[in-house]
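What follows is a single structure, written as structure tokens, with notes after it.
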Amino acid sequence: MNLNLEKTNGCTVLFIKEERIDAHNSDELKETILRLIEQGEINIIVQLEQVRFIDSSGLGALLSGHKNAAAKSGKLAIANLQQQVLSMFELTRLNRIFEIYADLNEAFDNET
Amino acid sequence: MCNSVIQVEVIIPTQTKYLDLIGSIGEHIAKELDDYSGDREALAYHLNLVLTEATVNAIKHANFDDPKDTVRITIQIQENELNIKVYDHGQGFDLESVPLPDFEHPKEGGMGIFFIRTLMDSVTYTRQGDCNVLEIIKYLS
Chain A
933 MNLNLEKTNG CTVLFIKEER IDAHNSDELK ETILRLIEQG EINIIVQLEQ
983 VRFIDSSGLG ALLSGHKNAA AKSGKLAIAN LQQQVLSMFE LTRLNRIFEI
1033 YADLNEAFDN ET
Chain D
9 MCNSVIQVEV IIPTQTKYLD LIGSIGEHIA KELDDYSGDR EALAYHLNLV
59 LTEATVNAIK HANFDDPKDT VRITIQIQEN ELNIKVYDHG QGFDLESVPL
109 PDFEHPKEGG MGIFFIRTLM DSVTYTRQGD CNVLEIIKYL S
């Protein structure tokens, strides 16, 4: 999976550089997030601007990260969702679990 | 509305790297439908998602004793009915026993069948000969 990491304003921003998160690459996403949390990076923003498709395993990978960050008193938020991707969060009510931001500026305003 | 018949059959190895291919076929079909009056972008995403979830399901339930095992997927559109069938050669599972997700305490797994049930009009899973068939129907009118 192509992704970039940036540390900004005390947060770790994970830029997903894929159009698609599905059962083929979601394990890798889950492991990447878990490794960050184990390394103490417990405030994570996942930037999904390039992602135009996510399936149930992709949502599961993000949910795993959210739970693991929360278990260490951290937080995993998401930003820059495309409309169809956002609709998957709404359908599964995961929009009530995650902090979802329109963009990184809004995320930094609220998370830092 | 749409009198033309589309029929697609794809057979893939039981590997997740083919999910993009299968999902993309559904997305393209949605975009090419004649006279579809609904939200075409949403239908394209939903067909991509449903085909992806159904194929993952078949891969998960595949016969892992056979490295040459395959998943067969057929998509047919006829008279406003879109019919998807996904065939696996595994042990099968009880579709009726798959619970709704717990929205208050969401878990990582178990949302795939929920998506298929929610976004499509009919879902059945039956044994046919040496295969299991997940049959999904969506009415396009």
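Protein sequences appear in the order of chains A and D. Read in order, the letters of the first sequence are residues 933 to 1044 in this note's numbering. Read in order, the letters of the second sequence are residues 9 to 149 in this note's numbering. Idealized CB from N, CA, C, for every residue including glycine.
D/Y53 reaches chain A at R984, F985, Q1016, V1017, S1019, M1020, counting residues in chain order whose Cβ is nearer than 9 Å. At least one CB atom of chain A sits nearer than 7 Å to the CB of D/L27. C-alpha of A/K1004 to C-alpha of A/E973: approximately 10 Å in a straight line. DSSP lists no bridge partner for A/F1021. Counting of Cβ neighbours within 10 angstroms places D/H113 among the exposed residues, the total staying below 16. Look at A/T1024: its C-beta is under 7 Å from a C-beta on chain D.
In this structure, the beta-carbon distance from D/E17 to D/T82 falls below 7 Å. Following the DSSP letters along the chain, one finds D/N140 inside the beta strand (DSSP E) bounded by residues 139-147.
Spanning the alpha carbons of A/E1038 and D/A52 requires a straight line of approximately 30 Å.
For A/R952, the closest Cβ of chain D is nearer than 7 Å. By a beta-carbon distance limit of 8 Å, D/D96 does not contact D/A50. Their separation comes to about 28 Å.
Think of a sphere of 7 Å around the beta carbon of A/L995: the chain D residues whose beta carbon falls inside it are P114, E116, in chain order. For A/S988, the C-beta contacts it makes with chain D under 7 Å involve E61, M119, G120, F123, in order along the chain. In this structure, DSSP gives D/S130 an extended state, which the three-state scheme calls strand.
The beta-carbon separation of D/N88 and D/L148, rounded to 5 Å, stays under the 8 Å limit for a contact. The Cβ atoms of D/F111 and A/R1025 lie closer than 7 Å to each other.
With its beta carbon at least 7 Å from every one in chain D, A/A1003 lies outside the interface. Nearest CB-CB separation between A/A1039 and chain D: not below the 7 Å threshold.
Using a 10 angstroms sphere on the CB of A/E950, the tally of other CB atoms reaches 16 or more, which defines it as buried. Among the residues facing chain D, A/H998 is not included, as its CB has no counterpart in that chain under 7 Å away. In terms of beta-carbon proximity, A/A1009 stays away from the interface with chain D, with every pair separated by 7 Å or more.
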